[in-house]
Amino acid sequence: MNLDEFLYKLHFETDKITPPDWEVNWDDAPLPYKLYRGLPVVHLDSDIPEVLEQTAKPTLKDIGHFLWYSFGLTQVSESFPFPGQTDSWTACRRFVPSGGALYPSELYLYLKIEDVAAGIYHYDVAHHCLVCLREGNFDDYVKQALGNRCDVSSSFGAVFISTFFWKNFFKYHNFSYRLHGLDAGFVIGQLLEVGRRLGFESGVYYHFLDRAINHMIGINKNEESVYAVVPLSVDKKMTWFRDEAQDPVSAEKLCSELKPLHHQHYVRSKEIREYPMLLKMNEACMMDSFASPITIKKTQHEERGNPVIRLPSVDRLSYKFSNACGSRYSPGLDFVLKPISLNTLSALFFETISASSYRNDLDQGLQQLPYRVSLTLSSYNIDGLSNALYAYDGSAHVLRGIAEGDFRNALQDGLLADFVNTAQISLSVNIVGNQDHYRSAYGFRGHRIQHMETGILSHSLLLAASALKLGGHPILGFNVPWYDELFQLNQRGRTSLLHIPIGHYRSNPRLQGSLHI
1 MNLDEFLYKL
11 HFETDKITPP
21 DWEVNWDDAP
31 LPYKLYRGLP
41 VVHLDSDIPE
51 VLEQTAKPTL
61 KDIGHFLWYS
71 FGLTQVSESF
81 PFPGQTDSWT
91 ACRRFVPSGG
101 ALYPSELYLY
111 LKIEDVAAGI
121 YHYDVAHHCL
131 VCLREGNFDD
141 YVKQALGNRC
151 DVSSSFGAVF
161 ISTFFWKNFF
171 KYHNFSYRLH
181 GLDAGFVIGQ
191 LLEVGRRLGF
201 ESGVYYHFLD
211 RAINHMIGIN
221 KNEESVYAVV
231 PLSVDKKMTW
241 FRDEAQDPVS
251 AEKLCSELKP
261 LHHQHYVRSK
271 EIREYPMLLK
281 MNEACMMDSF
291 ASPITIKKTQ
301 HEERGNPVIR
311 LPSVDRLSYK
321 FSNACGSRYS
331 PGLDFVLKPI
341 SLNTLSALFF
351 ETISASSYRN
361 DLDQGLQQLP
371 YRVSLTLSSY
381 NIDGLSNALY
391 AYDGSAHVLR
401 GIAEGDFRNA
411 LQDGLLADFV
421 NTAQISLSVN
431 IVGNQDHYRS
441 AYGFRGHRIQ
451 HMETGILSHS
461 LLLAASALKL
471 GGHPILGFNV
481 PWYDELFQLN
491 QRGRTSLLHI
501 PIGHYRSNPR
511 LQGSLHI
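Right under this line is the structure:
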């Protein structure tokens, strides 16, 4: 199967990318986190504050709080079987959502703060500590790996978000490729939000010399690869994006400057099956040198002739961040049909797009409003709003009508399994983006970038929903052509990327404990 065919089937014909006889070997499942062996560690502060305060000079204590809120183990949950079932299950969860709670992402850091040696570290989630992989100052190396665009010397470090392929492949086979980008996006979204609350300036780099970054960290591209780089700073005047008038270095040349690392780590799985398509896709995404930056032009997708609903004017939400993170919940079959007010809907969407503004190298600066990925929705039983399909226009804070009616049964028919009961859901959000997955601008790399941006926008939506005491359940298992036709996306060159039902819910029977110390 060539890569174009793979991406097409991955999106539109998902039943054709996984063997029909594929069975998940749960007895040989990998750990949901990576464990290094025999390396020095730096223990992080476990006295986690309920309110994050801004800092002008980050310390190791601040970094510990930043990492715990971003990706730390925050909850252990034991769910009890429903009638007719016998198995209970226990899961260690984090504040960010993840498909099947498998958490394929890993976090690595380049740190330059006073109370720890400068160098490259891995965040050991299981023990809430930093594992030292390589000591030294790597400002120039990271700067060149980012295409000489970022003034890394003005930062206090950077976060590298990687994807560990086997952690998702063991369950989802080739379909895991879509999950990898989304999961990384959820993590990036949480990193950005936690960073803001600590007073950190940040920028997301989707373009970098992959082999050079992987080499510096010491990861094997056949099992893991970095998807995004997020430098961190408290310098508000730091230069984030510039075009250097010098010859860019190649990944091969940069790799030759550092000795390779051969650290041991523990996965738990005794048998790791091959995943050739994931490796082919990852290889096709690799950048070995930098060309001129390309930006995607903003396009308007206005629904001409259809009704426009102006949403009530609202302010940004004020809420306790730790509570919203801790109460975020994917209800599944626990949704309960109760009315949602138009003011609540307005607050949900306004907070979502406001929180989704972020600095990135696609825009070469600050993206004020999401425009590459956007929100469409199906409404039912929302006070003051007709049952219909709508597209949300964040620039005007309005809903643009697509089609009138109750579409809950149609949405249910498009699900590949009964993840939710749409009859119990007032609001179903469909996140959409370009059908070509940014291919025309960024090649095969565009697919994973689009899914990371989808994850960032979805993270803001789910956090806002939680702050409003609503649950949201991200779903990838749906018939994309069916949903595209339903929301009339084909004629606009758009496609469905992620479906998120949102609404009130009841708690299911489970024991749940916080890991907040």
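full-length UniProt numbering applies: residue 1 is where the sequence shown begins, and numbers increase by one. Glycine is no exception: its CB is placed at the ideal position from the N, C-alpha and C atoms. Here the structure is a predicted model, which means the values were calculated and not measured.
Per DSSP, the unbroken alpha helix (DSSP H) holding Thr344 starts and ends at 342-355. Look at Ile502 here: in three-state DSSP terms it is strand.
Here Ser507 is not bridged, per DSSP, to any residue. Between the alpha carbons of His215 and Tyr206 lies a gap of roughly 17 Å. One alpha carbon belongs to Gln488, the other to Trp482, and they sit about 10 Å apart. 8 Å or more divides the Cβ of Ser356 from the Cβ of Pro474. Membership of Ala145 in the alpha helix (DSSP H) is indicated by the continuous run 139-145. In the three-state reduction of the DSSP assignment, Ile382 falls in the strand class. For Pro104, no beta strand (DSSP E) run applies, since DSSP gives it neither H nor E. In this structure, DSSP gives Val116 a state outside helix and strand, which the three-state scheme calls coil. Contact between Val41 and Cys129 holds, since their C-beta atoms are separated by about 5 Å, short of 8 Å. Within the segment 359-426, the beta strand (DSSP E) runs of at least 3 residues that lie entirely inside it are, in chain order, 365-367, 373-379, 388-393, 398-404. In this structure, DSSP gives Gln435 a state outside helix and strand, which the three-state scheme calls coil. Contact check for Gly157 and Leu111: beta-carbon distance about 4 Å, within the 8 Å limit, so the pair qualifies.
C-alpha of Lys34 to C-alpha of Asp210: approximately 20 Å in a straight line. Every beta strand (DSSP E) of 3 residues or more that sits fully in the segment 198-255 is shown, in chain order, as 224-233. Per the Cβ contact rule, the segment 409-417 is not in contact with the segment 138-155 (fewer than 3 Cβ pairs under 8 Å). Judged by beta-carbon spacing, Ile431 lies within the 8 Å limit of Thr454, meaning their Cβ atoms are closer than that value.
Arg445 has its alpha-carbon roughly 12 Å from the corresponding atom of Leu3. Between Leu73 and Cys92, the gap from beta carbon to beta carbon is short of 8 Å. Cβ neighbours of Lys280 within its own chain (closer than 7 Å, five residues either side excluded): Leu3.
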